[in-house]
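**Q** Submitted below is the structure of interest, expressed as structure tokens.
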Amino acid sequence: MVILADLLAQTVRAHPKGTRFWVAYSGGVDSHVLLHVASCLRQSVPFSLQAIHINHDIHPAAADWARHCAQVAHALHVRFSSDTLTIDNFDDKNIEEVLRNARYARFIHHLAPGDVLLTAHQQDDQAETVLLQLLRGAGMKGLAAMPLQKSLGAGWQVRPFLSVTRAIVLQYAARHQLTWIEDSSNQDQRFTRNFLRQHILPQLAIRWPSVGATLARVANHCAADSALLDTLLHDSVQACAGQQADTLSVCRLLSLAPAHCAQVLRHWIAARGFVLPSYRKLQQIIQTVLPARVDRMPVVRFGAAEVRRYRDDLYLMQALAPHDARRVFNWDGQSPLSIEGIGMLPPLSSPPAATLTVRFRKPGESCLVAGRVGRQDVKNLMQAAAIPPWLRDRVVLVFAGEVLVIAAPALF
């Protein structure tokens, strides 16, 4: 159908000439139609095209599916590649998410800078996603569902058919007598998306025939509102900046209305690349971390992240790795020193003749400091350098004899 070719042509023309386009080809009807449209479009709009198939290696027929995809791509004169996933430690409850994450990790691996991954999501998929997010209790960003285009690794992901219905895709497949794979797992109603597709949406369509388009329109509205909100929240995050880099001021956060404070925190966390906390965890940050006394050190952990407070600054970081502060190292200063759970000490520009001692602070410790008179209390040095308490046992101290010559991060 012309509409599918026109939509794909718009996508191709929107990117620089010479861009390499990949079709995520599962072998199902949607991706087969996308690959067929793309291969035909090259006759009028030349562009670099390649199909990529991800073999999940779970279904007994997975190897046959991979061969089918290779044969179809060959018949369409499209370059083809296939990756096989190796997935461990998952159960039926999270299999969809695990496979999706693994699949996209492989796509990202293949994308060179500027490459475009074309995926065959269409309007019915968008409607299902909106319902799925609604049932999860998602906010505006979640209800925005799938964007037409987004960055993906070094390149981009584009869904050119997002505005067309599954019926149009099926009509195209029938007209061109395409053959595709029918994955039996798509009928498994243990998976929420399948249940929505087979039971809920058909029932809604009886009462509201245009429910798919309506839910897709909801996604568009939420995406537009979410983009505007992101702009406003970026300004709010800047206005709430703390004294230390990448922190927020607790006092400034507490001056905001609770709903505004929650949105600022969510935007700050997302902008730093962390998975957003649940509603309960977010409320825990607002209700226990922000109002805590200055002498307390509350922490809230979610996923691989944790939020901590020191003085007026709110910190967001990777959860700290295990660390044994009793470790002591001898170092020549000439080669890098790797300390597990801490990092790497680079070689010194002027290594001393004597061996250096590398260790961490001891309780109540004082020491001689190069360039200073008298013994210095290490705790006071760390406080003066505004090093948060949870990092003080991780500050690497380098001694030449009894004299502290280096502290990383620097204390003086």
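This note's numbering applies: residue 74 is where the sequence shown begins, and numbers increase by one.
Glycine included, each C-beta is placed from N, C-alpha and C at the ideal position.
In the DSSP output, which residue or residues are listed as bridge partners for His307?
**A** None; His307 has no bridge partner.
**Q** Please report the straight-line C-alpha distance between Leu277 and Gln271, rounded to a whole angstrom.
**A** Near 11 Å, if we compare the C-alpha coordinates of Gln271 and Leu277.
**Q** Using only alpha-carbon positions, find the residue among Ile131, Ala459, Gln123 that is nearest to Ala185.
**A** When each option's Cα is compared against that of Ala185, the closest is Gln123.
**Q** Can you look up His88 in the DSSP assignment and give me helix, strand or coil?
**A** His88 falls in the coil class under three-state DSSP.
**Q** If you draw a straight line from the alpha carbon of Leu81 to that of Val102, how long is it in whole angstroms?
**A** Each residue's Cα considered, the two are about 17 Å apart.
**Q** Please state whether DSSP places Arg179 in a helix, a strand or coil.
**A** Arg179 falls in the helix class under three-state DSSP.
**Q** Ignoring anything shorter than 3 residues or poking outside the segment 329-382, list the beta strand (DSSP E) runs there in chain order.
**A** Segments of the beta strand (DSSP E) lying fully in the segment 329-382: 372-375.
**Q** From Ala217 to Ala314, what distance separates their C-alpha atoms?
**A** Roughly 28 Å separates the two Cα atoms.
**Q** Quick one: Cα of Leu302 to Cα of Ala394, how far?
**A** Spanning the two alpha carbons is a distance of roughly 35 Å.
**Q** Can you tell which of Ala392, His396, Ser422 has its C-alpha closest to the C-alpha of Asp405?
**A** Asp405 has its Cα closest to that of Ser422, out of Ala392, His396, Ser422.
**Q** Please tell me whether Val362 and Val380 are closer than 9 Å, where the distance is taken between their beta carbons.
**A** Yes, Cβ-Cβ distance for Val362 and Val380 is below 9 Å.
**Q** Can you give the Cα-Cα distance for Ala135 and Phe94, rounded to whole angstroms?
**A** Rounded to the nearest angstrom, the two C-alpha atoms are 25 Å apart.
**Q** Could you check whether the Cβ of Gly376 sits closer than 9 Å to any Cβ belonging to chain C?
**A** The structure shown contains no chain C; it is built from a single protein chain.
**Q** Measure the beta-carbon distance from Leu410 to Phe433 and round it to whole angstroms, keeping in mind my assumption that it falls under 8 Å.
**A** About 13 Å separates the two Cβ atoms, so there is no contact after all.
**Q** Identify which residue in Val373, Glu413, Ala139 has its Cα closest to the Cα of Asp397.
**A** Asp397 has its Cα closest to that of Glu413, out of Val373, Glu413, Ala139.
**Q** Is Val151 closer than 9 Å to Ala111 when the C-beta atoms are compared?
**A** In this structure, Val151 lies closer than 9 Å to Ala111 by Cβ.
**Q** To the nearest angstrom, how far is it from the Cα of Ala286 to the Cα of Arg239?
**A** So the alpha carbons of these two residues sit roughly 11 Å apart.
**Q** Shortest alpha-carbon distance to Phe120 belongs to which of Asp137, Ala139, Cys142, Ala87?
**A** Checking every option, the nearest Cα to that of Phe120 belongs to Ala87.
**Q** Using only CA atoms, which one of Ile168, His183, Pro462 lies nearest to Gly228?
**A** Selected option, being the one with the closest Cα: His183.
**Q** Is it buried or exposed for Asp308, if we count other Cβ within 10 angstroms and need 16 for buried?
**A** Asp308 should be labelled exposed.
**Q** If we call anything under 9 Å between Cβ atoms a contact, is Leu349 one with Arg339?
**A** Cβ atoms of Leu349 and Arg339: closer than 9 Å.
**Q** Between the alpha carbons of Leu420 and Arg445, how many angstroms are there, rounded?
**A** Position check: residue 420 holds Pro in this sequence, whereas Leu was assumed. For Pro420 and Arg445, the distance between alpha carbons rounds to 24 Å.
**Q** For Thr159, count neighbouring Cβ atoms within 10 angstroms of its own Cβ and tell me buried if that reaches 16, exposed if not.
**A** Exposed.
**Q** Ignore the nearest five residues each way along the sequence and tell me which others in Ser408's own chain have a CB closer than 8 Å to its CB.
**A** Pro420.
**Q** Under three-state DSSP, which class holds Asp198?
**A** It is helical.
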